[in-house]
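Number of protein chains: 2
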Amino acid sequence: MNDTKQSVEKMGVLLERMNHKSPLECRVFAFLLISEPPYKSFDEIREFLGASKSAVSNAINYYLRDGSIIYKTFNGDRKRYFMVNTEEWENKIIEKAQSLTEMNQLLNEVLKNRENSEHVEFYEKIKKLNDFQTFLSQKMNQAIEEWVNK
Amino acid sequence: MNDTKQSVEKMGVLLERMNHKSPLECRVFAFLLISEPPYKSFDEIREFLGASKSAVSNAINYYLRDGSIIYKTFNGDRKRYFMVNTEEWENKIIEKAQSLTEMNQLLNEVLKNRENSEHVEFYEKIKKLNDFQTFLSQKMNQAIEEWVNK
DNA sequence: TTTTTGGTTCTGCAAATTAAGAACTAAAAA
DNA sequence: TTTTTAGTTCTTAATTTGCAGAACCAAAAA
Chain A
1 MNDTKQSVEK MGVLLERMNH KSPLECRVFA FLLISEPPYK SFDEIREFLG
51 ASKSAVSNAI NYYLRDGSII YKTFNGDRKR YFMVNTEEWE NKIIEKAQSL
101 TEMNQLLNEV LKNRENSEHV EFYEKIKKLN DFQTFLSQKM NQAIEEWVNK
Chain B
1001 MNDTKQSVEK MGVLLERMNH KSPLECRVFA FLLISEPPYK SFDEIREFLG
1051 ASKSAVSNAI NYYLRDGSII YKTFNGDRKR YFMVNTEEWE NKIIEKAQSL
1101 TEMNQLLNEV LKNRENSEHV EFYEKIKKLN DFQTFLSQKM NQAIEEWVNK
């Protein structure tokens, strides 16, 4: 149990770095990832994390809207039980892999601005980076497709 | 010129999202990416951005330490001229690409915690995600290697 | 009908971030 | 030697973020 708390903190920190969300949001997600059972009620989450209702409510609703978590209910129990939506997570992985293309946008903007630049060698270096970047994006898309149709 | 200001803002925003640095830091970098010539003095940067010396000083020193920018000097001119370090940028692209492996760390932590879980189907789904994730990381590393040794 | 449950929304505070401004400094120029 | 240049560092102010606490609300239970 205390073990679980430590794991939640550890994974929480990882999530903060990866997903760029607030500490509490990350801990909510981390908890749902390793809690047994993998679905937990509002109040169980709140109590485990020792956080306020408002903070938990906002975190949960953020994830619900975003599709990262879903909830199930049980007969004769008014509570909602929240759990990680693994289907959506696959999409998130794909998105992340494709986020390399943001870099492409940037590099293209640079190239556009430098079309008529006197400083050709700088232009060429940026172009090279763009080629590398494009190459990686392409390989990633191939890899994703390969996995999905299999 | 005003065009340049707009481009700097646009790229600045992109950089904020991608690199998670402060607005001014992002604008300094954006400016160096498209300024003509591609090297600019402290004061030229400060003036173009309409920012304070302290803010510009801190931004520049951040990037210098981090390797993202370098400077050159000219005979008979005491000023340093700062420019984007394209070599380092390639490394940054690689780092970013490899950050997919952070996800692996997380998924492994989840699996470790769930080894003895009753909820096998959830475990299996996470395992599947981990396999996907591992597959992508591997393909990414292959792609990087392929590009670098070529 | 009143009370309880399962939350949601509003208000406000504390901490962190961001950047301005002014005082400062080391090296070069005059 | 004094002054100027090219920044750096320190202090402070303004936002922004993250969250607690309390008031609130609709549906279900009593």
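Residue numbers (this note's numbering), protein chains in the order written: chain A, 1 to 150; chain B, 1001 to 1150. Where is the CB? At the ideal position from N, CA and C, for every residue including glycine.
Considering Cα atoms alone, identify which of the options is closest to residue i.
i	options	result
K112 of chain A	B:E1025, B:F1082, B:S1035	B:S1035
S99 of chain A	B:F1042, B:M1018, B:T1101	B:M1018
H119 of chain A	B:C1026, B:E1025, B:Y1039	B:Y1039
D77 of chain A	A:F42, A:K5, A:I69	A:F42
D131 of chain A	A:K72, A:Q142, A:N104	A:N104
T86 of chain A	A:Q6, A:F29, A:N108, A:R80	A:F29
S1068 of chain B	B:I1093, B:L1106, B:S1007	B:I1093
E102 of chain A	B:S1007, B:L1014, B:K1005	B:L1014
I1060 of chain B	B:T1073, B:R1046, B:G1050	B:R1046
I144 of chain A	A:E95, A:E109, A:E121	A:E95
L1064 of chain B	B:Y1081, B:E1044, B:F1122, B:F1135	B:Y1081
Q6 of chain A	A:K128, A:F48, A:E44	A:F48
L129 of chain A	B:V1084, B:Y1071, B:N1141, B:I1126	B:V1084
E90 of chain A	B:M1011, B:E1146, B:N1149, B:K1125	B:K1125
L1106 of chain B	A:V148, A:K79, A:K10	A:K10
F1122 of chain B	A:D3, A:N2, A:V8, A:L32	A:L32
N58 of chain A	A:P23, A:E88, A:P37	A:P23
Y1071 of chain B	B:S1054, B:K1127, B:P1037	B:P1037
A1097 of chain B	B:K1079, B:E1115, B:Q1142	B:Q1142
D1003 of chain B	A:K127, A:G12, A:R114	A:R114
For residue i, would you say it is in contact with chain A, using Cβ-to-Cβ distances shorter than 9 Å as the test?
i	result
P1038 of chain B	yes
N1113 of chain B	yes
I1126 of chain B	yes
K1072 of chain B	no
E1095 of chain B	no
K1005 of chain B	no
L1014 of chain B	yes
K1139 of chain B	yes
E1118 of chain B	yes
S1099 of chain B	yes
Run the CB neighbour count on residue i, radius 10 Å, all protein chains shown included, and call it buried at 16 or more, exposed below.
i	result
Q133 of chain A	buried
K139 of chain A	buried
V1056 of chain B	buried
E1025 of chain B	buried
F1074 of chain B	exposed
S137 of chain A	buried
K1021 of chain B	buried
G50 of chain A	exposed
V1110 of chain B	buried
V148 of chain A	exposed
Are the C-beta of residue i and some C-beta of chain B separated by less than 9 Å?
i	result
L129 of chain A	yes
I144 of chain A	yes
S151 of chain A	Only positions 1 to 150 of chain A appear in this structure, which leaves residue 151 of chain A out of reach.
S68 of chain A	no
E9 of chain A	no
L106 of chain A	yes
L64 of chain A	no
Beta carbons nearer than 8 Å to chain B: which residues of the segment 16-50 of chain A have them?
Result list: R17, M18, H20, L33, I34, E36, P37, P38.
* Which runs of the alpha helix (DSSP H) spanning at least 4 residues fall entirely within the segment 75-128 of chain A, listed in chain order? -> 86-98, 100-114
ask   = Curious, which full-length beta strand (DSSP E) runs of at least 3 residues does the segment 25-74 of chain A contain?
value = 69-74
Worksheet entry | Near-chain B residues of the segment 71-92 of chain A (beta-carbon distance less than 7 Å), N- to C-terminal order | T86, W89, E90
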